[in-house]
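Protein chains: 4
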Amino acid sequence: MSFVPKDPDFDARVRASFARQTAMTSLGIEIAELGAGAIVLRMGYAPAYTQQHGFIHAGIIATALDSACGYAAFSLMPDDAAVLTVEFKTNLIAPAAGDVFLFRARVVKPGRTISVCDAKAFAVQAGREKLIATMTGTLMAVFGREAITH
Amino acid sequence: MSFVPKDPDFDARVRASFARQTAMTSLGIEIAELGAGAIVLRMGYAPAYTQQHGFIHAGIIATALDSACGYAAFSLMPDDAAVLTVEFKTNLIAPAAGDVFLFRARVVKPGRTISVCDAKAFAVQAGREKLIATMTGTLMAVFGREAITH
Amino acid sequence: MSFVPKDPDFDARVRASFARQTAMTSLGIEIAELGAGAIVLRMGYAPAYTQQHGFIHAGIIATALDSACGYAAFSLMPDDAAVLTVEFKTNLIAPAAGDVFLFRARVVKPGRTISVCDAKAFAVQAGREKLIATMTGTLMAVFGREAITH
Amino acid sequence: MSFVPKDPDFDARVRASFARQTAMTSLGIEIAELGAGAIVLRMGYAPAYTQQHGFIHAGIIATALDSACGYAAFSLMPDDAAVLTVEFKTNLIAPAAGDVFLFRARVVKPGRTISVCDAKAFAVQAGREKLIATMTGTLMAVFGREAITH
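Chains as they are written, first to last, in the numbering used here: chain A, 1 to 150; chain B, 1001 to 1150; chain C, 2001 to 2150; chain D, 3001 to 3150.
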């Protein structure tokens, strides 16, 4: 499915908002690809963010997937909207073992208020991608004062 | 509901495993309270882990909630089990604005293989607790070789 | 937590809407208790709605839990709102074996647009209640034309 | 992704188990297509199973999606396994308005114990398919006595 963005300058708007997420910088997560309604984030293996067996912590994987869902949805919103995560659900499918991790999100249903996104996380090891987690996220567009207080 | 732990030394076992999660140290998350089937984690506000509006990133909140669910479940498992997160789902209810955050998890259903936990995140500001997120998590006990490869 | 309903006549409004859900009549689900932000539904064992082992189908349990969440949220909405389910997530904790099933839902966070509810399903057998499923649901209040087209 | 079934007779095994779900017969849900790790269910519009606005109840949509996920997973299990739903999560994307509904599920990750499936529900109206709901489901294979008591 391809989408027509309401804001032709969505690319700059998404990147500017992403750059304000200090969590992304701290975790070493960056934008690898960006389109209207779709995004790919990238993170290198980071020993500082593991669980007890040395794999990347499920919550950190979810953090990247949530940002991916949020910015996929945000790319299709009008330029005066802010985006909030209403909820997300993630299944951990395989240990997050790899040199690099990719997080691919796309909008399943864009909406005036509510958007739904799907995302998948992949571990890359020796050039091979392996699915490690899935997410479905529900995002909300908020406007005006509400966008500031959230 | 109160539970009888299979491992009388669950406290030491949980704390040792938690200490191996480098993600907890990096994010400044620590154990505030620990019982059989219940745990409270604590995190101070950390400017390095925010989203675009300066609140703690939803994924970081989920990271703490996931560890809380995992260790609540782990506390009731036998001493040769490892714990894996099968999936979790989190609703973001209010912005993560506060000086301190508390994450309270408890086991809803302990199981030989599958356990289910509920958790809630609270922001503490001026001494008042406010509910900011909920999680339901499904955890799995794994044994032997499987515990190592995950 | 107790709530002050925006519509003092919420009881009649909830019951009238519930009566229009033909699914509830067909499944034999009725309102056992109703308050502001909380509801209990009741269903007898129905051999016509089982899965392959003779227990009530997980989806039928979810149907009752979804209506319970929806009407708990609806009870706190203004009298010109319609309620839509945005999403729900349910954990099946024990087989739905029993003579009677109770579905208890309460609002966790009421909102102008988005409300979050928690619900639990219990099987009653020989007078003993057993937890069989949990749900977290996200509900949306819609107004005007949007309420009709949905 | 295509899968090699452990049981070459999975087709007969899935259909026999599906036929024992009285809920499917009562709701008018049948198997439209079946493969290894994938299934399509079909349901006609049924006025007896609506919510308050005359659309099929979200829980009934979830019932079909849950059976679809369950049998997609079951098709890949060995012939002595029983399948249980651990949990599912569904997003309602558009009203369930249509003459016919299709429920397409496929296995995302087959596992010895835990399998994960994705499913989508479509409303068909005037020959056009419209996405109305998504589900992610977690299923468990159980063996022996446990399979009977569940």
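We put the beta carbon where it would ideally sit given N, CA and C, even for glycine.
Three-state secondary structure assigned by DSSP to residue i
i, result
"ASP1118 of chain B", "strand"
"PHE1003 of chain B", "coil"
"MET2043 of chain C", "strand"
"ILE93 of chain A", "coil"
"GLY2035 of chain C", "strand"
"GLY1137 of chain B", "strand"
"LEU1131 of chain B", "strand"
"THR3025 of chain D", "helix"
"ALA126 of chain A", "coil"
"LEU3084 of chain D", "strand"
"ARG1106 of chain B", "strand"
"THR1050 of chain B", "strand"
"PHE3010 of chain D", "helix"
"HIS1150 of chain B", "In this prediction, HIS1150 of chain B has a pLDDT of 48, which is less than 50 and means its spatial position is unreliable; nothing more can be read from the coordinates."
"PHE143 of chain A", "strand"
"PHE3101 of chain D", "strand"
Where residue i meets chain D, residues with beta-carbon distance less than 9 Å
i, result
"LEU1129 of chain B", "Correcting the residue type first, residue 1129 of chain B is Glu in the shown sequence and not Leu. Residues of chain D passing the Cβ test: none, with the nearest at roughly 28 Å."
"LYS109 of chain A", "ASN3091, ILE3093, ALA3094, LEU3131, THR3134"
Residues of its chain near residue i, where Cβ-Cβ distance is below 7 Å and the 5 sequence neighbours each way are ignored
i, result
"PHE2074 of chain C", "VAL2014, SER2017, VAL2083"
"ALA1023 of chain B", "THR1063"
"THR113 of chain A", "MET140, ALA141"
"PHE988 of chain B", "Limits of chain B in this structure are 1001 at one end and 1150 at the other, which puts residue 988 of chain B out of reach."
"ASP80 of chain A", "PHE143"
"ASN3091 of chain D", "ALA3133, THR3134"
"PHE3055 of chain D", "PRO3095, ALA3096, ALA3097"
"ASP11 of chain A", "LEU34"
"ALA3072 of chain D", "GLY3037, ALA3038, ILE3039, ALA3105, ARG3106, VAL3107, CYS3117"
Same chain, Cβ closer than 6 Å to residue i, neighbours up to 5 away in sequence not counted
i, result
"ALA2068 of chain C", "ILE2039, LEU2041, PHE2103, ALA2105, ALA2119"
"LYS2089 of chain C", "THR2136"
"ALA1032 of chain B", "VAL1040, ARG1042"
"GLY3028 of chain D", "MET3043, GLY3044, ALA3046"
Within chain C, partners of residue i - CB distance below 8 Å
i, result
"ILE1061 of chain B", "Those within 8 Å of ILE1061 of chain B in chain C number zero; the least Cβ separation is about 15 Å."
"MET140 of chain A", "THR2113, ILE2114"
Chain-ordered neighbours of residue i on chain A, where CB pairs are closer than 7 Å
i, result
"THR3136 of chain D", "LYS89, ASN91, THR134, THR136"
Expected contact under 8 Å - CB spacing of residue i and residue j to nearest Å
i, j, result
"VAL1107 of chain B", "GLY1037 of chain B", "4 Å"
"GLU1087 of chain B", "GLU3087 of chain D", "7 Å"
"VAL1116 of chain B", "THR1138 of chain B", "6 Å"
"THR25 of chain A", "GLN1021 of chain B", "In fact, because the Cβ distance is near 21 Å, the residues do not count as touching under 8 Å."
"ALA2121 of chain C", "LEU2065 of chain C", "6 Å"
Within chain D, the residues that residue i reaches when beta carbons sit closer than 8 Å
i, result
"VAL86 of chain A", "Within chain D, no residue comes near VAL86 of chain A; the closest Cβ sits about 10 Å away, beyond 8 Å."
"ASP2066 of chain C", "HIS3057, ALA3058, GLY3059, ALA3062"
"VAL116 of chain A", "ASN3091, ILE3093, THR3134"
Residues near residue i by beta carbon distance below 8 Å, same chain, minus five either side
i, result
"HIS2150 of chain C", "Any answer about HIS2150 of chain C is weak, because its pLDDT of 47 lies below 50 and its placement is not dependable; what the coordinates show is given next. So the qualifying residues of the chain are ALA2082, LEU2084, VAL2142."
"LYS1006 of chain B", "LEU1076, MET1077, PRO1078, ASP1079"
"PHE3101 of chain D", "ARG3042, MET3043, GLY3044, TYR3045, ILE3056, ILE3061, ALA3064, ALA3121, PHE3122, ALA3123, VAL3124, ILE3132"
"ASP2009 of chain C", "ASP2079"
Per-residue contacts from residue i into chain D (C-beta, under 7 Å)
i, result
"TYR2049 of chain C", "THR3022, ALA3023, SER3026"
Within chain G, the residues that residue i reaches when beta carbons sit closer than 8 Å
i, result
"SER2075 of chain C", "The structure shown contains no chain G; its protein chains are A, B, C and D."
Cross-chain neighbours of residue i in chain C, by beta carbon under 7 Å
i, result
"GLN3052 of chain D", "SER2017, ARG2020, GLN2021"
Original post:
So, do the region 1060-1067 of chain B and the region 1089-1100 of chain B have three or more beta carbon pairs nearer to each other than 8 Å?
Top reply: yes
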